[in-house]
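FYI, the numbering used here numbers position 48 of the sequence shown as 48, with every residue one higher than the one before it. Idealized CB from N, CA, C, for every residue including glycine. From a predicted model like this one, the values you see are computed outputs, not experimental measurements.
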Amino acid sequence: MANFDSLAGKIMRHLDLMNVLVDATQSMLKNSQSGNFESVEQIADNRERLINIVRLLQDEIESKLQSASTHYTSSEIDVFKSWISDVTEIVKKNDELDRQCLEELSQAKESTTREISNVYKTRKQFQGYNLNNTKTR
């Protein structure tokens, strides 16, 4: 029973961290929509660290679950199935937010590329016109 309690605590911690990951992704989306790309980069870096922590914790939980020396009751197995279901739902939600964020960032990139192109073309058009030198030839 103590082994299950320890594992259940890790499962709860894992789900909490997964929800923090979703919150970070939502924050990235809001910042990308408002054009605050420095914050998006900072959140993405922190999010990457969080993903690594979640991955390590999930690997630890899965290795304990696959341990042949431990036998679980049917109610404990139901907890594990519920955990798997919850993780799947959270991952789907986070994937959708990631897709939206990438779409926002892609649109911002295209817009910036167009602006740079327009500035370059305008500058090129007026390159030969030096209005400071009005000598007649």
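Is residue i helix, strand or coil by DSSP?
i, result
"H71", "coil"
"N36", "coil"
"F126", "coil"
"Q107", "helix"
"Q66", "coil"
Which residue from the options puts its Cα closest to that of residue i?
i, options, result
"E60", "F126, L7, V119, T122", "L7"
"E104", "L15, K30, V20", "K30"
"A108", "K81, Q66, D16, S34", "S34"
"A44", "T113, C101, M12", "C101"
Counting only the same chain and skipping the five closest in sequence on each side, list residues whose C-beta sits under 8 Å from that of residue i.
i, result
"T70", "N3, K64"
"V22", "I90, K93, N94, L97"
"E38", "none"
"Q66", "none"
"S74", "none"
"S32", "V40, C101, E104, L105, A108"
"A24", "I43, N46, R47, L50"
Please list, in chain order, all residues of the same chain as residue i whose beta carbon is under 7 Å from its beta carbon, the five residues on each side excluded.
i, result
"Q58", "H14"
"F80", "L65"
"D86", "L15"
"M27", "Just to set this straight, residue 27 is Ser in the shown sequence, not Met. Cβ within range, chain order: I43."
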